[in-house]
Amino acid sequence: LFPEICNLLTDVKFVIVVRDPRDTIVSILDVARRQEEQGGDTNLMRMAESIEQLATYYNWHYADLTGASNDIFDSRRIVVRYEDIVQNTDSVIDELAAFTGLPLRGFDAAAGWRTLVDFNDPDLINEPFHSVLRGKPLSANRIGRYADHLTRDEIAIVEHECARMMKAYGYEFGGQQ
Numbered sequence: 258l259f260p261e262i263c264n265l266l267t268d269v270k271f272v273i274v275v276r277d278p279r280d281t282i283v284s285i286l287d288v289a290r291r292q293e294e295q296g297g298d299t300n301l302m303r304m305a306e307s308i309e310q311l312a313t314y315y316n317w318h319y320a321d322l323t324g325a326s327n328d329i330f331d332s333r334r335i336v337v338r339y340e341d342i343v344q345n346t347d348s349v350i351d352e353l354a355a356f357t358g359l360p361l362r363g364f365d366a367a368a369g370w371r372t373l374v375d376f377n378d379p380d381l382i383n384e385p386f387h388s389v390l391r392g393k394p395l396s397a398n399r400i401g402r403y404a405d406h407l408t409r410d411e412i413a414i415v416e417h418e419c420a421r422m423m424k425a426y427g428y429e430f431g432g433q434q
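Residues 258 to 434 (my numbering) make up the sequence shown, in order.
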């Protein structure tokens, strides 16, 4: 809905984070597994039975970003890759500061998140979408997980189905970082 919001709110800028679809799908599979362990019966669990469906689900989330151009939206958005945020933090922070006009120089990637949410709350920890990285310093340990969690055939399916997005945001094919 970002392009529509952009047309309604004229003073808004958008920071959009994309993530390697192969790693994203591994994370979705983790969530579906936790949902199943908790006795759930969810659409995500059903989608997890098919890598093609998960790739379609991933593409759906980014459809407006890789679709037709919208000059107004394009001029008011920046897209950063998750991998660049955690591996090249200072340059991404500089880019975000320049784009937003916010004073981000004091950002400390080694510090945990400062938020009102208690990331140690047992209810939050047991929630299927919980990540062990919530509230923690930036970490690259989730980058490239797909190589250990997806088969070669599954990686090939994701790369084929998500090729447009991968090309648009500079992700390499062939299971390489």
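Just so you know, even glycine gets a beta-carbon here, dropped at the ideal spot from N, CA and C.
For clarity, every value in this text was computed on a predicted model and none was experimentally measured.
Contact between the segment 326-334 and the segment 414-423 is absent, with fewer than three C-beta pairs closer than 8 Å.
About 18 Å separates the beta carbon of Ile-282 from that of Leu-322, a gap too long to meet the 8 Å contact definition.
When the Cα atoms are used, His-318 and Tyr-426 turn out to be separated by approximately 14 Å. When secondary structure is reduced to three states using DSSP, Ile-400 falls in the coil class, being assigned neither helix nor strand. Ile-273 has Val-336 as its beta-bridge partners, per DSSP. Judged by DSSP in its simplified three-state form, Arg-303 adopts helix. Between Pro-385 and Gln-295 the beta-carbon gap is near 6 Å, inside 8 Å, which marks them as a contact. In this structure, the alpha-carbon of Leu-265 lies about 11 Å from that of Ile-329.
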